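Quick notes on the structure that follows.
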Amino acid sequence: MAGRGRSPAPRPHQRRHGQALVEFALLGLILVLMLAGAVDLGRAFTAWIAMGNMARAGAQYGTIVPLVDPSSSDGISVSEVEEDMRAAALAEQPSIFGSTPTVTADWVTGNDCLARVTVTYDLEPILQIPPIPNSITLERKAQMRIQYVPPGYSCST
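Residue 1 is where the sequence shown starts when you use full-length UniProt numbering, and the numbers rise one by one after that.
The structure is reproduced here in structure tokens:
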């Protein structure tokens, strides 16, 4: 019989069970870190969009507040308008991922005649490892020209 006296061909690669497990563990860790980073990036982008919508809603309310509530145009208080602008911003999005962002509003008459709203939110990443900060502060601003200036206030043009 031909070939009976030959020794079997050497196998080029011997199977190592532990090597595959170590490689999987290293690659799995990298994949989990990439996935957590992608989720955090998505959360930050979602918060950024929500904050922009909040800032625009508050500023838009500030541009038309005397038209929305004509009874307030007689004795309108700037602090009341600013509080209403903050409330309008928070009515647009009461919370982002379970926490309420900080909203500041300015209703500026005089030379500028602007309604300004700033929304600030501290995003806490899911991935809490040393190179990544524990909290990332996001800020969005919106500014719009006041459409109607009630009697007693002035806007230079």
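The beta carbon of each residue, even a glycine, is placed where N, CA and C say it ideally should be.
All of these numbers come straight from a predicted model, not from anything done at the bench.
Check                                                                                                         : Outcome
Three-state secondary structure (DSSP) of ALA95                                                               : According to the sequence as given, residue 95 is Ser; it is not Ala. Coil at SER95, not helix or strand.
Status (buried if at least 16 other CB within 10 Å, exposed otherwise) for ARG96                              : The sequence given here has Ile at residue 96, not Arg. ILE96 comes out buried.
For GLN128 and ALA20, the rounded distance between their alpha carbons                                        : 28 angstroms
Which of helix, strand or coil DSSP assigns to PRO70                                                          : Reliability of the predicted coordinates at PRO70 is poor, the pLDDT of 49 falling under 50, and no value is obtained from them.
Option nearest ILE49 by Cα separation, candidates ASN134, ALA142, LEU114                                      : ALA142
Simplified DSSP state of TYR148, which is helix, strand or coil                                               : coil
Cβ pair residue 158, GLN93 closer than 8 angstroms                                                            : This structure does not reach residue 158, given that the chain is present from 1 up to 157, and the question cannot be answered.
Between the CA atoms of THR100 and PRO131 - distance to the nearest angstrom                                  : 26 angstroms
Selection from VAL149, GLN60, THR137, LEU35 that minimises the alpha carbon distance to ALA105                : GLN60
Start-to-end residues for the beta strand (DSSP E) that takes in LEU122                                       : Inspection of the sequence shows that residue 122 is occupied by Asp rather than by Leu. Note, ASP122: beta strand (DSSP E), 114-123.
Helix, strand or coil at GLN128 according to DSSP, with G and I counted as helix                              : coil
Whole-number beta carbon distance between VAL103 and ALA91, since they are thought to touch under 8 angstroms : About 11 angstroms separates the two Cβ atoms, so there is no contact after all.
DSSP beta-bridge partners of ASP84                                                                            : Per DSSP, none; premise fails for ASP84.
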